[in-house]
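Sequence positions in the sequence shown follow the numbering used here and run 2 to 288.
Data block below; observations after.
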Amino acid sequence: MTWTLSTSLDDFRHHAGDFLATRPAENTVLLTVAHRLAGAGLDAFGERPPVFGWWRAGPGGSVEGAFLQTPPFAPRLSAMPPALAAELAVRLAEAGPGFTEVAGVGGGAEPVRAFAEAWTAATGIDHSVRVEERLYRLGRLTDPPRPPAGRPRLAGPPDRELAIRWYEEFLREVEIAPSDVARAVDDKLASGSLHLWEDAGTPVALAGASPVLAGMSRIGPVYTPADRRGRGYASAVTAAASAHALGLGAQEVLLYTDLANPTSNSIYQQIGYRPVEDCLVVDFRTP
């Protein structure tokens, strides 16, 4: 009963894939990141190779936890008991930078807290919460209470430069370091999963969607330029992207919000999204 660490995406999907699919909402990030790595290559998120791990209850036993990391981003934890997260922190501390460098951790609030406390105890490196998030699941999709002017449409190749600029602006706002934004936009355009809201023929908001995996699709990013906000465009384009995902067969449509942003937490509930769990992104910093 221990963690297996690996640099093989194929092994990770073989051993942990079924486990992740049993709880696609809580494991949405791991499912979508692994899918993109498989389709776009191991360098999809950066030059440094990704690393993986899974916890199995003895030979032939069930997998009960997993993680992946695409440096320079922090490890992302699956749904798991907090004790397994704490054990993983100790295991990664013992493996050291020869396996991977850990500058933070993200996932469900309880496992992340357990990991962070164990990491601090093992390494002496302090931790602090960077982002508090809430995961939402779509119940019954409803129209925005105050529908804005305009209409939705799928983004196409002529929208590429605009989408790249808006992706970059979104990442700066949420304080995430960009990693080959053009490639991410190209993937979304090729899969027909990037949605725009147009008002008087001008794009005013954007929403992406992940592929349908294990019956799940996740909406994001959702972005409206600062000078266009407060007009209902974000909720409208999110509703359009959500309807598109449902039309492709998604049984669960998900999205994350920043709990520090009361507006986003309100508008998504108005179109049918309901809370699933709270999540954290924690940074580690040497005193």
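Just so you know, even glycine gets a beta-carbon here, dropped at the ideal spot from N, CA and C.
Being a predicted model, the structure only gives us computed values, none of them experimental.
Under the three-state reduction of DSSP, residue 276 is assigned to strand. Within the same chain, and ignoring the five residues on either side of residue 246 in sequence, the residues whose Cβ sits closer than 6 Å to its Cβ are 210, 218 and 254. Secondary structure note for residue 69: it is in no alpha helix (DSSP H), and the uninterrupted beta strand (DSSP E) holding it is 64 to 70.
For residue 71, the CB contacts under 7 Å within the same chain, skipping 5 residues up- and downstream, are 34, 46, 47 and 51 in chain order. Cβ neighbours of residue 265 within its own chain (closer than 6 Å, five residues either side excluded): 258. Per DSSP, residue 108 lies in no alpha helix (DSSP H); the unbroken beta strand (DSSP E) holding it starts and ends at 105 to 109. Taking every protein chain shown into account, the CB of residue 177 has fewer than 16 other CB atoms within 10 angstroms, so this residue is exposed. The beta-bridge partner set that DSSP reports for residue 209 consists of 195. In this structure, residue 222 and residue 192 do not form a Cβ contact; the two beta carbons are roughly 15 Å apart against a cut-off of 8 Å. According to the DSSP secondary-structure assignment, residue 56 is paired through a beta bridge with 4 and 66.
When the five nearest sequence neighbours on each side are left out, the beta carbons in the same chain lying within less than 7 Å of the beta carbon of residue 117 are those of 106, 128 and 283, in order along the chain. In the same chain as residue 84, and ignoring 5 residues on each side of it, the C-beta atoms closer than 8 Å to its own belong to 115, in chain order.
Straight-line spacing of the CA atoms in residue 120 and residue 87 works out to 8 Å.
Secondary structure in the segment 97 to 157: the alpha helix (DSSP H) runs of 4 residues or longer, each lying completely within the stretch, are 110 to 124 in chain order.
The count of Cβ pairs closer than 8 Å, one atom from the segment 130 to 149 and one from the segment 267 to 278, reaches three, so the stretches are in contact.
If you draw a 10 Å sphere on the C-beta of residue 30, you find 16 or more other C-beta atoms in it, and that means buried.
By the neighbour-count definition (other C-beta atoms within 10 Å, threshold 16), residue 170 is an exposed residue.
By the 16-neighbour rule on beta-carbons within 10 angstroms, residue 225 is buried.
The alpha helix (DSSP H) runs of length 4 or more contained entirely in the segment 9 to 62 are, from start to end of the chain, 10 to 23 and 29 to 41. Using a Cβ distance threshold of 8 Å, residue 186 and residue 208 do not count as a contacting pair.
Within the DSSP bridge table, the entry for residue 173 names no partner. Distances from the CA of residue 147 to each of 131, 190, 238 and 248 were compared; the closest alpha carbon is that of 238. The beta carbon of residue 269 lies closer than 8 Å to those of 137, 236, 239, 256 and 258 in the same chain, with the five residues before and after it left out. Setting aside the 5 residues that flank it on each side, residue 103 is surrounded in the same chain by 93, each with a C-beta closer than 6 Å to its C-beta; the list follows chain order. Ranked by Cα distance from residue 4, the first of 19, 11 and 96 is 96.
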